[in-house]
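Down below is the structure, laid out as structure tokens.
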Amino acid sequence: MKIAPSIAYHEAGHAAVAVYFRIGLKRVSVVPDPNYDGICSQVQQTWFEKLDREDSDSITKKAERQMMVALAGPEAQRKFAPTSIRRHQARGDIKAVFECAFSICGSAEEASALVELLRIRTRNLLGMPFVWKGVKALAKQLLKRNEISGKHAKAIIESADKPRDRIRIVHYRHSVVSPALPTSPVSGAAV
10 MKIAPSIAYH EAGHAAVAVY FRIGLKRVSV VPDPNYDGIC SQVQQTWFEK
60 LDREDSDSIT KKAERQMMVA LAGPEAQRKF APTSIRRHQA RGDIKAVFEC
110 AFSICGSAEE ASALVELLRI RTRNLLGMPF VWKGVKALAK QLLKRNEISG
160 KHAKAIIESA DKPRDRIRIV HYRHSVVSPA LPTSPVSGAA V
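As structure tokens, this is what we get:
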């Protein structure tokens with residue numbers, strides 16, 4: 010069975026961002042079924058059950074990270090081959106992201122803005138050399154083997170990151186900022 014490389018990059022994108030956020034993986038597969046071209050299964054999480062009941066920064070942060078994992082598939086596919094993505098391939102990912110965003114936000118306008126912000130953050134994350142190397146390494150293995158366990162996928166992604174390539178990342182609340190950014194002479198904060 011011949012698998013399109015763009016599908017491998019799509020699933021590898023989901024997996025690499027999940028690993029980056031320390032979200033456990035069950036398996037990553039590019040074997041198509043009637044509903045999906047491929048799948049990246051995660052370990053069962055319970056944070057989403059609290060979205061409607063609990064309003065906390067911790068739950069919101071987990072939700073935003075999960076939305077970035079969902080957005081990482083289509084964004085990685087787009088980065089690999091911009092013309093390869095088809096609307097039906099990302100439909101489930103985008104639907105899940107918008108449902109989660111509507112649960113967090115008070116309006117459709119705010120939910121749309123949040124999704125666009127997270128799409129930009131996801132693109133930036135995939136643009137980091139150590140993350141993209143993990144995507145490429147896993148996609149290559151998926152094209153050879155079609156399905157990989159979560160444990161093995163994590164090992165492939167992490168082994169692609171050579172320490173000399175890693176840039177130090179500082180996390181501020183919800184954003185990812187490189188310490189090499191210019192700072193304000195007045196406050197010393199990143200600009």
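Numbers 10 to 200, taken from our numbering, label the letters of the sequence shown in order. Glycine residues also receive a C-beta, built at the ideal position from the N, C-alpha and C atoms. Keep in mind that this is a model prediction, so the values were computed, not measured.
Review point. Would residue 52 be called buried (16 or more neighbouring beta carbons within 10 Å of its own) or exposed?
Key: Classified as exposed, residue 52 has fewer than 16 neighbouring CB atoms from the shown chains inside 10 Å of its CB.
Review point. What first and last residue would you give for the beta strand (DSSP E) that runs through residue 36?
Key: Segment 34-38, the beta strand (DSSP E) holding residue 36.
Review point. How should residue 19 be labelled, buried or exposed, when 16 other C-beta atoms within 10 angstroms of its C-beta is the threshold for buried?
Key: Classification for residue 19: buried.
Exercise for review: Mind the definition here: the segment 138-155 touches the segment 111-123 only if three or more C-beta pairs lie below 8 Å; say whether that holds.
Suggested key: Under the 8 Å Cβ criterion, the segment 138-155 does not count as touching the segment 111-123, having fewer than three qualifying pairs.
Exercise for review: Evaluate residue 66 with the Cβ neighbour count: other Cβ atoms within 10 Å of its Cβ, from every protein chain shown; 16 or more gives buried, anything less gives exposed.
Suggested key: Residue burial annotation: residue 66 is exposed, with fewer than 16 other C-beta atoms found within 10 angstroms of its C-beta.
Point to revise | CA-to-CA distance, residue 16 to residue 155, given in whole angstroms | key: If you take the alpha carbons of residue 155 and residue 16, they lie about 11 Å apart.
Exercise for review: Would you mind giving the Cβ-Cβ distance between residue 37 and residue 151, rounded to the nearest angstrom? I have them listed as a contact below 8 Å.
Suggested key: Yes, residue 37 and residue 151 are in contact; Cβ-Cβ is about 7 Å, under 8 Å.
Exercise for review: Go ahead and label residue 91 buried or exposed: buried means 16 or more other beta carbons lie within 10 angstroms of its beta carbon, across all protein chains shown.
Suggested key: It counts as exposed.
Point to revise | Rounded straight-line distance, which links the Cα of residue 146 to that of residue 167 | key: C-alpha separation (whole angstroms): 10 Å.
Check your understanding: Out of curiosity, what's the CA-to-CA distance linking residue 72 and residue 11?
Key -> Residue 72 and residue 11 have their C-alpha atoms roughly 35 Å apart.
Exercise for review: State buried or exposed for residue 43, treating a residue as buried only when at least 16 other CB atoms are found within 10 Å of its CB.
Suggested key: Exposed, by the Cβ-count rule.
Exercise for review: Sort 126, 49, 94 by Cα distance to residue 107 and report the nearest one.
Suggested key: Out of 126, 49, 94, 126 has the C-alpha closest to the C-alpha of residue 107.
Review point. Measuring CA to CA, which of 165, 128, 160, 170 is closest to residue 33?
Key: Nearest option by C-alpha distance: 160.
Review point. Residue 166 lies in the alpha helix (DSSP H); which residues open and close that run?
Key: 159-168 is the extent of the alpha helix (DSSP H) around residue 166.
Point to revise | Nearest residue (CA-CA) to residue 103, options 143, 170, 121 | key: Looking at the Cα atoms, 121 is the closest of the given residues.
Point to revise | Cutoff 6 Å; reference residue 25; Cβ partners in own chain excluding five residues on either side | key: Taken in chain order, the residues that qualify are 140, 143, 144, 166.
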